Amino acid sequence: MDAVTVSPKYQVVIPLKVRERMRVKPGQKMHVIAYDNMVVFIPVRPIKQARGSLKGIDTRIERDEEDRV
271 MDAVTVSPKY QVVIPLKVRE RMRVKPGQKM HVIAYDNMVV FIPVRPIKQA RGSLKGIDTR
331 IERDEEDRV
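The sequence shown maps to residues 271 to 339 in the working numbering.
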């Protein structure tokens, strides 16, 4: 596990191993979530990367009649 230091401007550098593993690029947006006693960074990915990730899911749903208007 790598340790980082928070700068006076509250910035941190993501270690190289983590950047490579997560394919983080300069300027990329990140979601930041406070979870229990942790800070979690989740890379924002383009929606096109999700295409095909739910292959085989049944998209037929029953709707109420008022939803069809």
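Beta carbons are placed, not taken as given, at the ideal position from N, Cα and C, and that holds for glycine.
Just so we're clear, the structure is a prediction, and the values are computed from it rather than from any experiment.
Judged by DSSP secondary structure, residue 292 falls outside any beta strand (DSSP E) and instead within the alpha helix (DSSP H) spanning 286 to 292. Rounded to the nearest whole angstrom, the CA to CA distance from residue 275 to residue 285 is 11 Å.
Sequence-distant partners of residue 302 (beyond 5 residues in either direction) whose C-beta falls short of 7 Å from its own C-beta, in its chain, are 309, 311.
Contact check for residue 316 against residue 298 fails: the beta carbons are separated by 8 Å or more.
In the three-state reduction of the DSSP assignment, residue 273 falls in the coil class, being assigned neither a helical nor a strand state.
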